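Sequential numbering from 1 applies to the sequence shown in the UniProt record's numbering.
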Amino acid sequence: MILFLFEYEKRQLHGVFKASCDGAINIVPNAFAAVGKQYPAQVKFDIIWSCKPIPEKLFRDAIRENYFSANKFNFGLSENQVCSWT
């Protein structure tokens, strides 16, 4: 499965990644302990393409139908949505 990571606090999209296993709880139990956060739902991944993060203002129009409030959107992306960024 192809993945992008949306960094909620900075409102940036990172990618492109490919899941190398099914997601699970606490694959690495203390993965984010150093920054004082807990993210128990995790997935191992490989980097497909390393690029600069994309700010939300640049991809907002491509996923407009995914927004259900001003700052919240459904995370699933169609092939057409991804291709419209290029």
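Think of the CB as a built atom: it goes at the ideal place given N, C-alpha and C, for glycine as much as any other residue.
In this text, all values refer to a predicted model and were calculated from it rather than measured experimentally.
Between the stretch 39-52 and the stretch 23-31, the count of C-beta pairs closer than 8 Å reaches three or more; the two stretches touch.
Counting along the chain, no alpha helix (DSSP H) covers Lys-18; the unbroken beta strand (DSSP E) around it starts and ends at 12-19. Residue environment for Phe-32: exposed (fewer than 16 other C-beta atoms within 10 angstroms of its C-beta). About 10 Å separates the beta carbon of Leu-13 from that of Phe-75, a gap too long to meet the 8 Å contact definition. Secondary-structure assignment with DSSP links Glu-7 through a beta bridge to Gln-12. Among the bridge pairs identified by DSSP, Ile-54 is matched with Leu-13.
Measuring C-alpha to C-alpha distances from Asn-71 to each of Phe-6, Ser-50, Ile-2 identifies Phe-6 as the nearest.
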